[in-house]
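Engineer: First residue of the sequence shown: 2, per our numbering; consecutive thereafter.
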Amino acid sequence: MTRHWDTSPLAPARWPQVAEAAVGVLSGAGATEVTTLHGWTESAFGGSPVFGALQWAEVRCPVSELLPLLRGRQALGFTLGRDDWWWRGLVPETGQAFELLFCHEGDLHLTTQDDALAERLGSGLAALGTRLNPRKLAP
C-alpha cells in the first residue's frame, strides 16, 4: 500500500540541508537516477526565460548530480520551499517507487510503499531537527 509522509513547513535556511540529506538517503538506498519535474512557483523562477520549458517537463538526472542541478536552478531564481520540485525514482534494494516533493508550500512530502526508505529519510531529517510525519489521509 502506498503511504504518504510530510514535514512541517521548513525554515528557508534548512532547505539546503534537507536536499543534501535526501540525496544521501537516496544514494545510500542504491538509487542512481531520478526524474525531476518542476511545478508551481512562488519565486523569481517563474520569471526566468527558461521556466516555461522546465515547468511540467520531466528531466532525468543522476542522483549524484541533483545538488549541482539544484544550484543551477537556484541561479535561475528557483527557491526550495517556494517552488514545487518532484524527484521520482526507484529504490533498487526493494524495487519500490518513491516520489519526493519539495513543495511550494514550504514542506517536504514523501510517497512510497517502501517503509525502509521512509525510515532512512526520517532518520536523516531527524538529525537536522526535522520530523517526517505519516500523513493521515481522509477515508
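Cβ atoms here follow ideal geometry from the backbone N, Cα and C, with glycine treated the same way.
Is W87 near G40, with beta carbons less than 8 Å apart?
Structural biologist: The answer is yes: Cβ separation under 8 Å.
Engineer: What are the partner residues of F99, as DSSP defines its beta bridges?
Structural biologist: G90, T113
Engineer: Using C-beta distances below 7 Å, list every residue in its chain close to G25, excluding the 5 sequence neighbours before and after it, in chain order.
Structural biologist: G125
Engineer: Measure from the alpha carbon of G31 to the alpha carbon of each residue in G96, E100, R132, then state which is nearest.
Structural biologist: Taking only the C-alpha atoms, the option nearest G31 is G96.
Engineer: Please classify W57 as buried or exposed, where buried requires at least 16 neighbouring CB atoms within 10 angstroms.
Structural biologist: Per the 10 Å Cβ criterion, exposed.
Engineer: Between A128 and W6, what straight-line distance do the alpha-carbon atoms span, to the nearest angstrom?
Structural biologist: 17 Å
Engineer: Mind checking which residues open and close the alpha helix (DSSP H) that includes G53?
Structural biologist: 52 to 55
Engineer: How is the beta strand (DSSP E) around R4 delimited, first residue to last?
Structural biologist: 4 to 7
Engineer: Which value, in whole angstroms, describes the spacing of the CA atoms of T36 and S28?
Structural biologist: 15 Å
Engineer: Give the single residue among A23, C104, T42, T131 whose Cα lies nearest to the Cα of E66.
Structural biologist: Comparing Cα positions, the closest option is A23.
Engineer: Residues bridged to T33 by DSSP?
Structural biologist: T33 is not bridged to any residue.
Engineer: Would you call the CB atoms of G78 and G107 closer than 8 Å?
Structural biologist: no
Engineer: Would you report the Cα separation of D84 and T42, rounded to the nearest angstrom?
Structural biologist: Taking the straight line from one Cα to the other gives about 4 Å.
Engineer: Measure the Cβ-Cβ separation of L11 and T112 and say whether it is below 8 Å.
Structural biologist: no
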